[in-house]
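Heads up: the structure comes next, in structure tokens.
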Amino acid sequence: MVCIMLGLSFGLSGCSVYMASQQPDKKDVSLFKRGTPRSVLLGEFGYPIAQTEHDGKKWDIWRFRQGYSDGVKTGRAIGHATMDVLTLGIWEAAGTPIETAADGNMVSYEIAYDDHGNVSDVILLSKKDGK
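For the sequence shown, numbering that gives the first Met the number 0 begins at 0 and goes up steadily by one.
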């Protein structure tokens, strides 16, 4: 009977472990500063969601989900795996909703560039974890 219970618990567990490891990556928001080349922003954040021109400058609006470092994601996955083993899989009833809710924060910036394509102005549009 114990073998059957252990087999079932390991078969049912793992969703929160997988979800924790697949959370969005932490983006380097310190790149949003004067002098950073636009190409560096493209490499870190991908393409902006909008581009405009006003005040004689070109502006990009960047919106992304600020995630977690690899260490934090690994720690969370290990924690969920440990709880799965200790509770014979019952932890998934709590762990899966926790990982569903803790999927990072949406962050938005508006960035202007100088004539050389380097950041000249930074406006934080959303304050939640945008620093």
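No residue lacks a Cβ here, since even glycine has one placed at the ideal position from N, Cα and C.
- The straight-line gap separating the alpha-carbon atoms of Val71 and Gln65 is approximately 13 Å.
- Residue burial is scored here from C-beta neighbours: Ile77 has fewer than 16 other C-beta atoms within 10 angstroms and is therefore classed as exposed.
- When beta bridges are read from the DSSP output, Tyr67 appears opposite Asp24.
- Per DSSP, Glu98 has no beta-bridge partner at all.
- Cα atoms of Asp114 and Ser107: separation of roughly 23 Å, rounded to the nearest angstrom.
- For Ile48, same chain residues with a beta-carbon under 8 Å away, outside a window of 5 residues either side, are Ile60, Trp61, Arg62 in chain order.
- DSSP, reduced to helix, strand and coil, places Thr51 within a strand of the structure shown.
- For Ser29, no alpha helix (DSSP H) segment is defined, and its DSSP state is neither H nor E.
- Here Ile89 carries a coil assignment [DSSP, helix/strand/coil].
- Taking C-beta separations shorter than 6 Å and ignoring five residues to either side along the sequence, the partners of Asp120 in its chain run Ala111, following chain order.
- Listed in chain order, the non-local C-beta contacts of Gly34 below 7 Å within the same chain comprise Asn117, Val118, local neighbours out to five positions each way being set aside.
- Note that the segment 31 to 46 does not touch the segment 80 to 96; fewer than 3 beta-carbon pairs, one per stretch, sit closer than 8 Å.
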